Amino acid sequence: MISRLSPTTIGVQQRSSVFLLLSRSFSRGPAQGVVVIPKDRDFPDPQDEADLFEAGFVPARFARPVLPELRRIHNLEPDMIPEVYEKLADMAKEDPSSVEMHFADWEALMRYTIKNQHCLMPEQVASIIAKSKMRNKELVQALNHRIRRTVHGLTSIEPMTEMVYAYQEMGWRAATTIRAFAKFLYGTKAGIPIRQGFGPHDLTGFTCAFSRLHIKPKGCKVFEVMWKDFSTSQLPRLARQMDPRQLAATLNAFVQVDYRADNAFDIAARKAAAKLGIYNEAGGGQDPHNGEMNASAADPASVAFTVVLGYWRPRDVALLINSYHKFRIRPLPLLAAVSDYTVANAKNFCPHSTSLAVSALCQLDYNDSRVFAALAPHICREVRYYDAQEVAMVAHAYAKMGYREEVLFERLGSMFLRLIGEAEGKALSMVCYGFARADIRHPALVKALNDEIIFRGTVGVRYPHLALKLESLRLIAWGMSKMTKDHDQRMYFVLYNMIKARVYEAVANQRLRERIELSNARRQARKKRLKEPKEADRVPADAMLAKTDVSPNDLSAILAAYARSKMNIHGISQYFSNRIYHMVERTSTYNLGSIMVALAKFEHKDKRLVDKILKEVRARVAQCSCSTLSVMAMSLGMMKVYNRSFMRAATKQATLQLANFNETDLTNWFLCIGSLNYRDEIFARRLAQTAAHRLHANLSVSGVTMCIVNYQKLRIHDPTWFDAAYRMVFEKQHQIVEPKLAPALLYGIAVTDIGKSNPWQEAAVHALLGVANRLRKEMIFSSVIQLQIFDLWARLLAPKSIMEKMEREVSKFFTMVGLRHRNEVVVGPYSIDILVGESFAFEVDGPHHFYRDTSMRTASSLLKHRILEALGFTVIRVPYQEWSQCGTREKRLRYVGSFWKQLIDAKVVSEDMSKDVALGDVLEVAIADSQSIESAHDVIQRLARQLSENDTRRPFAEAVLPADVDLRLGADLLPPVEPADNEPLFYKVSEDSDFEERMRIRNEAEKARLKVMKNFGDAEDLMEAQRAKGIRGSREINYTAAEVREDAQKELFDRHKRGSPRRLRDHEGFAYTLEDDDEETDTENPGDESTDIQ
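Numbering (the numbering used here), first residue to last: 608 to 1701.
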């Protein structure tokens, strides 16, 4: 029934009954006050009021203003005008709608005030401006004009403060009036006592007026003097008296006007830290604005603390710490107090306060895990109330401080997806940076960011508020290059166009400023009747960019981001190179390193830019950090660019910083010296020593592998480093996940072949082969090539530890008896242990060729034997049982020398082979000191004498054996003469010979020995020449030249007298020759035994 009633059909009496009915309907609850607004007349009937009072309602009325009638306003005294304004202001404060009700009164009063403003005193003008809420331009201008003329009549600071606050509320930028105040306070003697009466309220009002009205103190001498007094005198004096809100607002005003006052900020920080610390210990207090009180603050002591210290709101704390963040001032006591307050009051922080607090702590690099852990759950619950800028600030802060909260970032990303259309360019860049820094994969967010950037770079170009600054573009490029591996080429193309547009705008604005400056200079010259300056030659755009405010660090970071994403769109590397060239002097050393790395990744060798960067870094090398130098060195290694002066200066500086090197620095330097073949042995050994000390501390197995690979290229034998590194590789082989590391390390082991090995290298080889086999499906072509090279090295050139011990010994004795052979010859899937000629295969059968505790060969060994015979090879077995029975050297020589009969019968040794190496001479060297009953040389002579004259093998025997051997048919071999003393068999003669005969034989024997050694040196030179020509698949001997030298010295030179000419080689393969002295004179005294023998 009530719903059908219409206000137009209900009279005054009916309305009273309706109100009574409503009161009875709601009489179940407590009585409530209802405001009744009658519609028929201004005030309800007394009878109606009585009914309402009986019903329990108390009508709320507004007091009738005691105002003069409109027709009498012009008769007011000027002294009464401020009082009328005060009454109207009180009415407006109680009921804002009264301003419209009494609009005519306001208009009449304003017109009268403007007409009589010359009659007002300064205090009255200030009161009118403070009380008036009508933004009337004529009134404000008239009053400002009046106060500027009468400002000298002010006797206190309060009127000026009231006016300043009124200007802030109205948004009236009264810069001229405030300048008049400053001149009066700081330019006259009358202002000295007034400015000494500054209080916290006055200081806050004046400082906030400059920030809120956008008045910059710089450029005006009076304002500069005023702010200097604020920072040096007023703020340090009043900081203790200010409440938290005033202190936060005042410091924030200093930030807004960009007036840095470190001393004042330090004093304020100490005062605020002390107050906030006591406040935290007291447990908080009561908010005077909302009357709320913490549970722990109900006791009288906490209330007393609150009265003295004031109530610290989260908003004030966040604003206070944000002021210090803007100026990069780190007051640690204040930061600690703010952290304690934030942890205790995390649930009371609003979104704006939370974002300001975490962003300020992040920018000040104050990492308190309690703060971020306490705020994270609150942010997750309240994230729906955050705007785009606040979401971006929180994501940026948590990512930069290293807190990778996946749930938090997931909710932040989902919320930003809803607000991405409202986000500013800075918010977009901070979100990109935050998610990339935290390494959070959010595909939906990446797709949305790509679409938003494409939109703003194409359609959004016509909307200025959607434009992105160059700094935002830098962060977006960096973030998008790391957030995903599937890069959208369209987005990078649009981003590149926006970057070029910003650069073009900067150059155009710079040209415009120069034209304006030139025009002003010409105008001043005409006024002074001077010669007008001429316009300078037009500077190219690339050179003009260096004069703009474009930061070269932004350009270098963008170039590095494009290099990381491998997006060389339309020659972006060339575009940035041309512009960065003129800005190198303004670029930091770190960004110069980033530029070098980017150019290396793009494979863009801009010699002009690279030379200029190296020259600049060379001049600032003492200022470079460890990472900068290592990055520069790595880029030079990647580009294969060598600069001698830079490398010397850089290595010298890096040597001083070795103690501060991390894993990345060590890896970069090893990559540089390995790629450039820069063999500074002292520096390389120090690098290796530093890496060895940090193997188990902070070096990963991948970093160690890269260090080993590049160190191996320098041919520096460092057993300590290699042992420690190979041991770590063996212990952490399961951590190698990159397919290219194991082949590279195996290839490095082959590169550093010095003929010796160690147990950890052998263990690492087997481990790396297993890793390479596990990752074989992911290998690239270069890794496969490295494995093939290692396989050839392991089969043909491997040191002793790689080959089996028995096979190594047999190969050595083959060489001693003059059997030229090859080791580990690959035939399909098999490898022949020793191959003589083209068809004689000697298989050295170790224990693994036989079944356990038997002499029966395994099935796989027999299969290999049959397959090799089917391929046309003559297979000769050398079982380990027979070899072990030959316990002495003489027996093994006879055992191996017995193979000569089979080889000569089978014509395996060709005539060409005999021309390369004098087999008889080499054999003579090998067994010259043999004291066996029948030497290998005797065996060959006996076999050769048994040949008939028409035997086809006789010419070969004549060519092979020495010239003094008699090949008489059927000649019986005389039994060898047993030695009578310790003289070698090589010098034995008949006891019946006279002294001269004996000396002659001995001299001839010595000449023969010298000739043998010369032939041996010639043979070694020949083999070295074959190796130099690239003959790697064939190997004549299985041990290195150093071992040949050792054996020859032990077996001949140590036992016989030295002095024969020879050609030696050091262990690194460098040859040096002793002067040959083969000439023997006939005038020597045959009776001088020592001379003849020497």
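Heads up, the beta-carbon is just placed ideally off N, CA and C, and yes, glycines get one too. It should be emphasised that the depicted structure is a prediction, and the values quoted were computed from it without experimental measurement.
{"Query": "Tell me whether the beta-carbon of V1224 lies closer than 9 Å to the beta-carbon of L1206.", "Result": "no"}
{"Query": "Cutting at 7 Å between CB atoms, please list the residues of its own chain near I986, excluding the five before and the five after it.", "Result": "T961, V1001 and L1015"}
{"Query": "Between L810 and Q841, how many whole angstroms is the CB-CB distance? I'm expecting something under 8 Å.", "Result": "5 Å"}
{"Query": "By DSSP, does D1058 sit in helix, in strand, or in coil?", "Result": "helix"}
{"Query": "Let me make sure I understand the geometry here. Which of H959, H725 and V978 has the alpha-carbon closest to that of N593?", "Result": "A query on residue 593 cannot be resolved here, the shown segment of the chain reaching from 608 to 1701 and no further."}
{"Query": "Per DSSP, which one or two residues make a beta bridge with E1450?", "Result": "R1484"}
{"Query": "Measuring only the C-alpha atoms, how far is L1019 from P1050?", "Result": "14 Å"}
{"Query": "Using DSSP with H/G/I as helix, E/B as strand and the rest coil, what is A902?", "Result": "With a pLDDT of 40 at A902, under the threshold of 50, the modelled position of this residue cannot be trusted; read the value that follows with caution. Residue state, collapsed to three classes: helix."}
{"Query": "Please go through the same chain and pick out, in chain order, the residues whose beta-carbon is closer than 6 Å to the beta-carbon of L927, but skip the five residues on each side of it.", "Result": "A855"}
{"Query": "Please check the pair S1079 and L1035, which I expect to be a contact at CB under 8 Å, by giving their CB distance rounded to whole angstroms.", "Result": "7 Å"}
{"Query": "Taking the straight line between their C-alpha atoms, what separation do you get for Y993 and L1026?", "Result": "9 Å"}
{"Query": "Using alpha carbons as the reference points, say which of Q1342, V1344, V1336 and D1398 lies closest to Q1368.", "Result": "V1336"}
{"Query": "If distances are taken between C-alpha atoms only, which option among N723, A1043, R1063 and I754 comes closest to M770?", "Result": "I754"}
{"Query": "How would you call M687, buried or exposed, if buried means at least 16 neighbouring beta carbons within 10 angstroms?", "Result": "exposed"}
{"Query": "Considering V998, what are the terminal residues of the alpha helix (DSSP H) in which it resides?", "Result": "A995 to K1007"}
{"Query": "For N1250, which of helix, strand or coil comes out of DSSP?", "Result": "coil"}
{"Query": "Expressed to the nearest angstrom, what Euclidean distance is found between the alpha-carbon atoms of N743 and W779?", "Result": "11 Å"}
{"Query": "Can you say whether F1388 is buried or exposed, counting buried as having 16 or more other CB atoms within 10 angstroms of its CB?", "Result": "exposed"}
{"Query": "Below 7 Å CB to CB, which residues in the same chain sit around I1315 once its five sequence neighbours on both sides are set aside?", "Result": "A1332, L1352 and G1355"}
{"Query": "How many angstroms separate the CA atom of F837 from the CA atom of R852?", "Result": "18 Å"}
{"Query": "Determine which residues share a DSSP beta bridge with V1433 and list them.", "Result": "S1438"}
{"Query": "Could you tell me the alpha carbon to alpha carbon distance between Y918 and E989, rounded to whole angstroms?", "Result": "24 Å"}
{"Query": "Can you give the Cα-Cα distance for E1124 and A1143, rounded to whole angstroms?", "Result": "12 Å"}
{"Query": "For R1464, write down the residues that DSSP places opposite it in a beta bridge.", "Result": "F1457"}
{"Query": "What are the residues that DSSP puts in a beta bridge with V1424?", "Result": "BP columns for V1424 are empty, so no partner."}
{"Query": "I need the straight-line Cα distance from S966 to F1268, nearest angstrom please.", "Result": "31 Å"}
{"Query": "What residue does the alpha helix (DSSP H) around I1123 start on, and which one ends it?", "Result": "Q1096 to K1134"}
{"Query": "Output needed for V1228: all residues of its chain with C-beta closer than 6 Å, excluding positions within five of it in sequence on either side, in chain order.", "Result": "A1256 and Q1260"}
{"Query": "Leaving aside the five residues before and after T1312 along the sequence, list all residues of the same chain whose C-beta is less than 6 Å from its C-beta, in chain order.", "Result": "L1348 and L1352"}
{"Query": "How about the region 1453 to 1460 and the region 1415 to 1426: do they share at least three Cβ pairs that are nearer than 8 Å?", "Result": "no"}
{"Query": "According to the neighbour-count rule (16 or more other Cβ atoms, all chains shown, within 10 Å of its Cβ), is H1303 buried or exposed?", "Result": "exposed"}
{"Query": "Does DSSP put V1344 in a helix, in a strand, or in coil?", "Result": "coil"}
{"Query": "Buried or exposed: which applies to S930, given that a residue is buried once 16 or more other Cβ atoms fall within 10 Å of its Cβ?", "Result": "buried"}
{"Query": "For the region 835 to 873, which segments carrying the alpha helix (DSSP H) assignment without a break, of at least 4 residues, lie completely within its bounds, in sequence order?", "Result": "842 to 845 and 851 to 863"}
{"Query": "Assign V1532 to buried or exposed, taking buried as 16 or more other Cβ atoms, counted over all protein chains shown, within 10 Å of its Cβ.", "Result": "Its pLDDT being 36, under 50, V1532 is placed unreliably in this model, and the value from its coordinates should be taken loosely. Buried is the call here."}
{"Query": "Hey, how far is the Cα of A943 from the Cα of R877?", "Result": "12 Å"}
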